[in-house]
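See structure below.
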Amino acid sequence: DRIREKLLGLSDYDMFCTYSILESPMPLTDYIATLRLTPITDGNRTFAEWTAEFECDEAEAEGLVNGIGTDVFQAGFAALQRSLTR
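Per our numbering, residue 38 is the first one in the sequence shown, and the count goes up by one each step.
Structure, rendered in structure tokens:
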């Protein structure tokens, strides 16, 4: 299954990217997400925040929220951590 995304905003200075999903097998519409990185002043660390908003059928909402949280956000953070700790 294919997901097609569109980059809506990107800033190296503000450390964020915003994107939308144009095509997806997931039963949702109007998906817009932002990944934002914020330096933590205590130590050499960064706070990462990934948020999304979308429309879906009410009966699908809980499953989509849990699935996106686990399969997209948690998996994405894990991949980012692996790439940074090599």
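Even glycine gets a Cβ: it sits at the ideal position worked out from N, Cα and C.
Exercise. Does DSSP put D38 in a helix, a strand or coil?
Worked result: Your numbering for residue 38 matches position 1 in the sequence shown. Note: D38 maps to coil in three-state DSSP.
For this session: Could you give the DSSP three-state label for T83: helix, strand or coil?
Result: Working through the sequence shown from its first residue, we reach residue 83 at position 46. Looking at T83 - three-state DSSP - the assignment turns out to be strand.
Exercise. Using CA coordinates, which residue listed in G46, R119, V109, L65 is at the minimum distance from A96?
Worked result: Within the sequence shown, the letter at position 59 stands for residue 96. The option with the nearest alpha carbon to A96 is L65.
Exercise. I69 bridges to which residues according to DSSP?
Worked result: Walking along the sequence shown from the start, residue 69 turns up at place 32. Per DSSP, S57, E90.
Exercise. Can you tell me where the alpha helix (DSSP H) with V109 in it begins and where it stops?
Worked result: As a position in the sequence shown, residue 109 is number 72, starting the count at 1. Note, V109: premise wrong, no alpha helix (DSSP H); not H, not E.
Problem set entry | Among D51, T55, D49, nearest to K43 - alpha-carbon criterion | Counting from 1 along the sequence shown, the entry for residue 43 is found at position 6. Selection D51, T55, D49 evaluated against K43 yields T55 as nearest (Cα-Cα).
Exercise. Does the distance from the C-beta atom of L45 to that of S57 stay below 9 Å?
Worked result: Counting from one through the sequence shown, the residue named residue 45 turns up at place 8. Counting from one through the sequence shown, the residue named residue 57 turns up at place 20. Yes, the Cβ-Cβ distance between L45 and S57 is below 9 Å.
Exercise. Based on the DSSP output, what are the partners of T122 in its beta bridges?
Worked result: Residue 122 sits at position 85 when you count from the first residue of the sequence shown. DSSP lists no partner for T122.
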